[in-house]
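Have a look at the structure below before the remarks.
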Amino acid sequence: MSVFDHPEFDNHEHVAFYHDEKAGLSAIIAVHNTNLGPALGGCRMWPYVNSSEALNDVLRLSKGMTYKAAMANLALGGGKSVIIGDPRRDKTPEMMAAMGKFVDSLGGKYFTAEDSGIAVSDLQQMAEHSQYIAGVKAQYHYAGETADGNPAPSTAYGVFVGLRAAVEHALRTDLKGVRVAIQGMGHVGYRLAKHLHHAGAELVVTDIYREGVERAVAEFGAIAVDPADIYATDVDVIAPCALGATINDETLPTIRAKVVAGAANNQLAREEMGDLLRHHGILYAPDYVINAGGVIDIYHQRIGNSSNQALREHIERIGETLREIFVRSEQANMATNRIANQIAVERFGSKA
Ligand code: NAD
Numbered sequence: 223m224s225v226f227d228h229p230e231f232d233n234h235e236h237v238a239f240y241h242d243e244k245a246g247l248s249a250i251i252a253v254h255n256t257n258l259g260p261a262l263g264g265c266r267m268w269p270y271v272n273s274s275e276a277l278n279d280v281l282r283l284s285k286g287m288t289y290k291a292a293m294a295n296l297a298l299g300g301g302k303s304v305i306i307g308d309p310r311r312d313k314t315p316e317m318m319a320a321m322g323k324f325v326d327s328l329g330g331k332y333f334t335a336e337d338s339g340i341a342v343s344d345l346q347q348m349a350e351h352s353q354y355i356a357g358v359k360a361q362y363h364y365a366g367e368t369a370d371g372n373p374a375p376s377t378a379y380g381v382f383v384g385l386r387a388a389v390e391h392a393l394r395t396d397l398k399g400v401r402v403a404i405q406g407m408g409h410v411g412y413r414l415a416k417h418l419h420h421a422g423a424e425l426v427v428t429d430i431y432r433e434g435v436e437r438a439v440a441e442f443g444a445i446a447v448d449p450a451d452i453y454a455t456d457v458d459v460i461a462p463c464a465l466g467a468t469i470n471d472e473t474l475p476t477i478r479a480k481v482v483a484g485a486a487n488n489q490l491a492r493e494e495m496g497d498l499l500r501h502h503g504i505l506y507a508p509d510y511v512i513n514a515g516g517v518i519d520i521y522h523q524r525i526g527n528s529s530n531q532a533l534r535e536h537i538e539r540i541g542e543t544l545r546e547i548f549v550r551s552e553q554a555n556m557a558t559n560r561i562a563n564q565i566a567v568e569r570f571g572s573k574a
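Numbering (the working numbering), first residue to last: 223 to 574.
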């Protein structure tokens with residue numbers, strides 16, 4: 223099948239394939255749309271079984287980045303890159319150097335950053351060969367943390383702001399006493415728990431590993447539940463912060479919360495899950511809108527003359543964007559995920 227006929231092609235502007243035998247690198251860069259600015263999107267390293275699987279992933283992910291950047295009010299387009307290989311077994315400094323050269327060869331049309339299988343140290347190696355490597359020095363940090371290049375603090379703050387906007391719209395005016403169940407006590411989930419605890423929320427948490435859960439119980443007085451029980455917990459808000467497709471045919475009928483607002487990518491197993499959530503009277507904060515704090519952080523690292531305050535204010539606009547989505551969703555009697563897609567297309571559909 224040609225790239226142009228691929229089901230995920232969707233008008234991609236530029237798809238580039240790169241092979242460097244000596245460095246052991248086989249990689250693809252996909253640039254979906256640059257109407258609003260150069261494309262930004264992470265580099266993922268994954269043991270794809272073949273190049274078709276890698277192409278499918280990179281096309282799907284780069285399109286998602288166009289929507290995310292547009293909804294985050296960024297002068298950026300969407301792109302993504304994938305490296306075919308097992309990050310624990312195949313990664314070498316030579317490979318990262320070659321990837322840096324590949325990114326550079328697009329002349330600034332595409333900026334890369336971190337994604338699964340790629341660490342800040344890998345990006346630093348790429349950055350020796352290209353100026354188009356982002357996300358090597360995240361700025362935002364919270365409550366005594368040191369900024370270390372990880373965008374999770376910004377993502378967590380954005381999710382907190384967005385969750386608060388959703389609660390204000392659907393339930394009440396402040397977070398005091400609001401019960402929130404968080405699935406996943408990782409980089410984002412733990413920090414979200416901290417923000418919520420400081421705002422007076424009551425927490426229920428879970429993870430497949432005990433360490434993060436025990437920390438949340440000790441530090442925030444959270445109640446721990448089994449991973450299988452988190453969606454059916456009697457709470458006001460569910461915050462998926464673990465993995466994708468957790469709003470699915472099994473979990474949706476069990477949800478007792480009135481709001482779903484969390485960091486995980488691709489939370490809905492299918493777009494229709496958004497319609498069903500609306501039908502059940504559950505307000506859904508579209509994932510790629512509420513979890514954009516990390517990409518906003520990366521943008522502010524690039525523009526040079528930014529400040530922590532400007533970054534913070536930009537992240538806080540996630541709340542305004544969500545409010546616009548919630549109001550339009552009611553006016554049009556349409557699911558929030560579908561309204562978000564509409565607004566994104568309105569924004570990136572023509573050149574800035
Ligand atoms: P992470 O890997 O640090 O944390 C995920 C946590 O979820 C881990 O502690 C893991 O053990 C737990 N988990 C996995 N499966 C689980 C299950 N079935 N039940 C309960 N817990 C489970 O990842 P993160 O950086 O905190 O990101 C969380 C989510 O947010 C991911 O979906 C990620 O794609 C998304 N996201 C993250 C960022 C970011 O800046 N880190 C940005 C945008 C989106």
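We put the CB at the ideal spot given by N, CA and C, even for glycine.
In this text, all values refer to a predicted model and were calculated from it rather than measured experimentally.
| Asked | Found |
| --- | --- |
| Pick from Gly259, Gly571, Tyr379 that is closest to glutamate 418, judged by C-alpha positions | Checking the displayed sequence, the identity of residue 418 turns out to be leucine instead of glutamate. With distances taken between Cα atoms, leucine 418 lies closest to Tyr379. |
| As assigned by DSSP and simplified to three states, the class of aspartate 242 | strand |
| Expected contact under 8 Å - CB spacing of proline 462 and glycine 484 to nearest Å | 4 Å |
| Which residues DSSP lists as bridging glutamate 546, in chain order | According to DSSP, which records beta bridges pairwise, glutamate 546 is partnered with nothing at all. |
| Other residues of its chain near histidine 391: CB distance less than 6 Å, five sequence neighbours each side excluded | Phe548 |
| Alanine 491 versus asparagine 470: straight-line alpha-carbon distance, rounded | 5 Å |
| Proximity test, valine 457 beta-carbon vs ligand 1 heavy atom, cut-off 7 Å | no |
| Test item: CB-CB of tryptophan 268 and glycine 339 under 8 Å | yes |
| Backbone CA spacing between lysine 398 and threonine 428 [nearest angstrom] | 21 Å |
| In DSSP terms, what threonine 428 is bridged to | Gln405 |
| At least 3 beta-carbon pairs within less than 8 Å: the stretch 249–256 vs the stretch 320–334 | yes |
| Of the residues Leu505, Asp497, Ala446, the one placed nearest arginine 432, counting alpha carbons only | Ala446 |
| Neighbourhood of arginine 500 by C-beta distance below 6 Å, restricted to the same chain and skipping five residues each side | Ala557 |
| Beta-bridge pairing of valine 253 - partner residues as DSSP gives them | His236, Gly301 |
| Between the CA atoms of alanine 562 and asparagine 257 - distance to the nearest angstrom | 18 Å |
| Cβ-heavy atom distance, aspartate 429 to ligand 1, below 7 Å | yes |
| beta-carbon histidine 254 near ligand 1 non-hydrogen atom, thresh 7 Å | no |
| Under 8 Å between C-beta atoms of isoleucine 464 and glycine 406 | The sequence shown places alanine at residue 464, rather than the isoleucine named in the question. For alanine 464 and glycine 406, yes; Cβs fall inside 8 Å. |
| Straight-line Cα distance separating alanine 388 from glutamate 542 | 10 Å |
| Paired residues, beta bridge with methionine 267 - DSSP | Ile305 |
| Continuous beta strand (DSSP E) stretch holding threonine 334: start and end | 332–336 |
| Endpoints, alpha helix (DSSP H) assigned at alanine 356 | Where alanine 356 is concerned, there is no enclosing alpha helix (DSSP H), given that its DSSP letter is neither H nor E. |
| Cβ pair leucine 544, alanine 507 closer than 8 Å | yes |
| Enclosing alpha helix (DSSP H) for isoleucine 518 [first to last residue] | 515–524 |
| Spatial neighbours of threonine 468 in its chain, beta-carbon cut-off 7 Å, leaving aside the 5 residues before and after | Gln405, Pro462, Ala486, Gln489 |
| heavy atom of ligand 1 below 7 Å from methionine 203 C-beta | Examination of residue 203 is not possible in this model, given that the chain is present from 223 through 574 alone. |
| For serine 376 and glycine 516, believed in contact at Cβ under 8 Å, the rounded distance | 5 Å |
| DSSP-derived helix/strand/coil call for proline 462 | strand |
| Separation of leucine 414 from asparagine 372, as counted between CA atoms | 15 Å |
| Pairwise C-alpha distance: aspartate 337 and tyrosine 240 | 19 Å |
| Serine 572, buried or exposed, once every other Cβ within 10 Å from all chains shown has been counted against 16 | exposed |
| Same chain, Cβ closer than 6 Å to isoleucine 245, five either side skipped, listed in chain order | In the sequence as displayed, the identity of residue 245 is alanine instead of isoleucine. Hits under 6 Å: Glu316, Met317, Ala320. |
| Check: histidine 501 C-beta below 7 Å from any heavy atom of ligand 2 | This structure lacks ligand 2; the ligands present are ligand 1. |
| Burial state of asparagine 559, where buried means 16 or more other Cβ atoms lie within 10 Å | buried |
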